[in-house]
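Colleague:
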Amino acid sequence: DTEVTQTPKHLVMGMTNKKSLKCEQHMGHRAMYWYKQKAKKPPELMFVYSYEKLSINESVPSRFSPECPNSSLLNLHLHALQPEDSALYLCASSRPVVGLKQFFGPGTRLTVL
Amino acid sequence: GESVGLHLPTLSVQEGDNSIINCAYSNSASDYFIWYKQESGKGPQFIIDIRSNMDKRQGQRVTVLLNKTVKHLSLQIAATQPGDSAVYFCAEKGNTGKLIFGQGTTLQVKP
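Residue numbers (the working numbering), protein chains in the order written: chain A, 7 to 119; chain B, 167 to 277.
1) By a C-beta neighbour count over all protein chains shown, 10 Å radius and 16 as the cutoff for buried, is A:GLU64 buried or exposed?
2) What would DSSP say about B:ASP215, mapped onto helix, strand or coil?
3) Mind the definition here: the segment 58 to 75 of chain A touches the segment 173 to 191 of chain B only if three or more C-beta pairs lie below 8 Å; say whether that holds.
4) Give me whichever residues DSSP pairs with A:ARG69 in a beta bridge.
5) Within 7 Å (strictly less), CB to CB, does A:GLY111 reach chain B?
6) Quick check: is the beta carbon of B:LYS234 nearer than 7 Å to any beta carbon in chain A?
7) State the Cα-Cα distance for the pair A:GLN31 and A:SER78, rounded to the nearest angstrom.
8) Can you list, in chain order, the residues of its chain whose CB lies under 7 Å from that of A:VAL54, leaving out five sequence neighbours each side?
9) Does the beta carbon of B:ASP215 come closer than 7 Å to any beta carbon on chain A?
10) Please look up how many angstroms separate the CB atoms of B:SER178 and B:THR246, rounded, as I've assumed it's under 8 Å.
11) Say whether the segment 20 to 27 of chain A touches the segment 225 to 234 of chain B, bearing in mind that this needs 3 or more beta-carbon pairs closer than 8 Å, one atom from each stretch.
12) What does B:ILE200 touch in chain A if you count any residue whose Cβ is under 7 Å from its own?
13) By the DSSP assignment, the beta strand (DSSP E) with B:ALA257 in it spans what residues?
14) From B:VAL280 to B:GLN204, what distance separates their C-alpha atoms?
15) According to DSSP, simplified to helix, strand and coil, what is A:PRO89?
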C-alpha cells in the first residue's frame with residue numbers, strides 16, 4: 007500500500023462549527039505532515055509529527071489543532087475557523103528523516119462560510 | 167533566507183516535444199531536491215528526487231539536472247504528452263529539514 011488517504015474529500019463548515027480532517031497511511035512512515043494550499047500557490051507547511059510527537063508547528067493559529075493518535079493516523083481538528091482558512095488541506099508522510107520524499111494525499115477541500 | 171523559485175509561471179509545449187522546467191534555489195547548503203507534479207484537484211505527486219552529491223538523475227521519461235555552481239535545478243520531460251499537463255513544483259530540503267517549495271510552473275501541452 008503506497009497511498010495516503012484523506013477524508014473527507016470536501017468539507018463546508020460555518021465559523022462556529024467544529025470539524026476534523028483525517029489522514030491515514032500504511033507505508034510504515036513515521037513522519038507525517040499537514041499542509042495548507044491556496045489556489046495557484048505552493049503547499050505551506052503547518053505541522054510535522056515525527057514518531058507521533060509534534061516536532062514542528064509553523065506558528066499556526068490555535069483554531070487548528072493537530073493530533074497523531076498512532077503511527078498510521080493524523081487528524082486536524084478545526085474550530086472557529088475564518089473564511090480565509092478556506093483552502094486545500096494536504097496530508098503527507100515520509101520515512102523518519104523529516105523532509106525527504108514526502109508522499110501526499112489527495113487533500114480535503116475546505117470551505118468556511 | 168531560504169527560497170526556491172521557478173523561472174517561468176507557465177510553459178506551453180507541443181505534444182511530442184521535450185519540456186524543460188527550471189528552478190533556482192538560494193541555499194547553497196541544501197543537500198536534497200525533489201520535483202512534484204500536481205494535477206487539478208489532486209495532491210502533489212512525487213516525480214523524481216536528487217541529492218546534492220549527484221548532477222543528474224534519470225527516471226522514466228524524466229531527467230533532473232542539478233547545477234550547484236549556479237544553484238539551478240531543472241526537470242526535463244521527454245516526448246511530452248497531454249497527461250503531463252499539470253503544475254510542477256520543485257522543493258528543497260532546507261536547514262531545518264523542512265521542504266521549501268517553489269512557486270510552481272504550469273505546463274500546458276498542446277495537441
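Where a beta carbon is used, it is the ideal one built from N, C-alpha and C, also for glycine.
Modeller: So, from the listed chains and residues:
1) Taking the first residue of the first sequence as 1, we reach residue 64 of chain A at position 58. The residue in question, A:GLU64, is exposed, as its Cβ has fewer than 16 Cβ neighbours within 10 Å.
2) Indexing the second sequence from 1 puts residue 215 of chain B at position 49. Under the three-state reduction of DSSP, B:ASP215 is assigned to strand.
3) Short answer: they don't touch.
4) Walking along the first sequence from the start, residue 69 of chain A turns up at place 63. Under DSSP, A:ARG69 forms no beta bridge with any residue.
5) Here residue 111 of chain A refers to the residue found at position 105 of the first sequence. True, the Cβ-Cβ gap to chain B drops below 7 Å.
6) Start at 1 with the first residue of the second sequence, and residue 234 of chain B comes out as number 68. Residue contact with chain A for B:LYS234: absent (no Cβ-Cβ distance below 7 Å to any residue of chain A).
7) Mapped onto the first sequence, residue 31 of chain A falls at position 25. Mapped onto the first sequence, residue 78 of chain A falls at position 72. Distance between the alpha carbons of A:GLN31 and A:SER78: 5 Å.
8) Sequence index remark: in the first sequence, residue 54 of chain A carries index 48 (1-based). Excluding residues up to 5 positions away in sequence, ALA37, TYR39, SER61, ILE62, VAL104 lie with their Cβ nearer than 7 Å to the Cβ of A:VAL54 in the same chain.
9) The count along the second sequence starts at 1 and reaches residue 215 of chain B at position 49. Yes, contact with chain A.
10) By one-based count along the second sequence, residue 178 of chain B stands at place 12. By one-based count along the second sequence, residue 246 of chain B stands at place 80. Not quite, the Cβ-Cβ distance comes to about 10 Å (not below 8 Å), so this is no contact.
11) As far as the Cβ criterion goes, the segment 20 to 27 of chain A does not touch the segment 225 to 234 of chain B, which means the pair count is below three.
12) Along the second sequence, one-based indexing puts residue 200 of chain B at 34. LYS107, listed in chain order.
13) Along the second sequence, one-based indexing puts residue 257 of chain B at 91. Where B:ALA257 is concerned, the enclosing beta strand (DSSP E) stretches over 252 to 259.
14) Here chain B has residues from 167 to 277 only, and residue 280 of chain B is not among them.
15) On the first sequence, position 83 is the one that residue 89 of chain A refers to. Reduced to three states, the DSSP call for A:PRO89 is helix.
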